[in-house]
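**Student:** Got a structure for you, questions after.
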């Protein structure tokens with residue numbers, strides 16, 4: 053994974069839990085300040101160690117930490133760095149998910165050895181779909197749940213996501229989710 057992932061985890065923890073908590077997580081993870089260069093590729097074990105340390109220090113399951121990180125990734129990191137690109141690839145959450153592989157391909161030239169996951173969308177109707185997620189990495193299924201929730205907020209939609217199945221595939225994982233969406237109410241209550 054790239055240093056930008058490590059930086060986003062750090063920024064999320066600092067923003068949501070403070071500097072002192074981040075210092076504890078950094079120490080427990082064994083990560084080093086040199087592990088946070090955005091465009092440098094690092095061994096995946098560093099990101100997994102950061103998530104494990106978040107789980108331990110925050111007293112929350114790793115799955116919850118990954119879900120929180122997925123949401124943060126979309127709403128803060130991706131929207132700041134790639135917000136215009138995201139809007140150009142999709143006018144709503146389902147539209148972006150359908151074009152996510154193309155978007156990853158477009159930005160792949162920026163990252164040496166980039167190995168993004170693969171997303172496939174089976175539209176059931178305008179408000180529901182099945183999302184297929186394939187990755188060479190294991191354990192990131194909860195991250196996708198947070199990512200989808202973040203996309204819903206990014207596009208001002210209520211999105212519900214439920215995991216249908218997950219299995220090991222080619223050393224990584226393959227997960228299928230059921231998604232439904234509706235526009236968020238803009239009326240003040």
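In the working numbering, the protein residues as written are 53 to 241.
Note that the Cβ used here is the ideal one computed from N, Cα and C, for glycine as well.
Would you say residue 120 and residue 204 are within 8 Å of each other, going by their C-beta atoms?
**Tutor:** By one-based count along the chain shown, residue 120 stands at place 68. By one-based count along the chain shown, residue 204 stands at place 152. It is not a contact, given that the beta carbons lie outside the stated cut-off.
**Student:** If we ignore side chains and look at the alpha-carbon of each, how far apart do residue 63 and residue 102 end up?
**Tutor:** The count along the chain shown starts at 1 and reaches residue 63 at position 11. The count along the chain shown starts at 1 and reaches residue 102 at position 50. The straight-line gap from Cα to Cα measures roughly 12 Å.
**Student:** Assess contact between the stretch 123-133 and the stretch 180-187, defined as three or more Cβ pairs (one per stretch) separated by less than 8 Å. Is contact present?
**Tutor:** Output reads no: the stretch 180-187 does not touch the stretch 123-133.
**Student:** For the candidate residues 206, 218 and 156, whose alpha-carbon lies nearest to that of residue 235?
**Tutor:** As a working note, residue 235 is residue 183 in the chain shown. Nearest option by C-alpha distance: 206.
**Student:** DSSP state of residue 68, grouped into three classes?
**Tutor:** Position 16 of the chain shown, counting from 1, holds the residue named residue 68. Three-state result, residue 68: helix.
**Student:** Exposed or buried, which one is residue 229 when buried takes at least 16 other CB atoms within 10 Å?
**Tutor:** On the chain shown, position 177 is the one that residue 229 refers to. When all chains shown are included, residue 229 counts as buried.
**Student:** Span of the beta strand (DSSP E) holding residue 182?
**Tutor:** Indexing the chain shown from 1 puts residue 182 at position 130. Counting along the chain, the beta strand (DSSP E) containing residue 182 begins and ends at 180-187.
**Student:** Taking DSSP's pairing of strands, which residues face residue 219 in a bridge?
**Tutor:** For the purposes of this step, residue 219 is identified with residue 167 of the chain shown, where counting begins at 1. Answer is 226, bridged to residue 219.
**Student:** Consult DSSP for residue 235 and reduce its assignment to one of helix, strand or coil.
**Tutor:** Within the chain shown, residue 235 is the residue found at index 183, counting from 1. In the structure shown, residue 235 sits in a strand (DSSP, three-state: E or B).
**Student:** Are at least three pairs of beta-carbons, each pair with one atom in the stretch 171-179 and one in the stretch 206-218, less than 8 Å apart?
**Tutor:** No, because fewer than three Cβ pairs between the stretch 171-179 and the stretch 206-218 fall closer than 8 Å, the two stretches do not touch.
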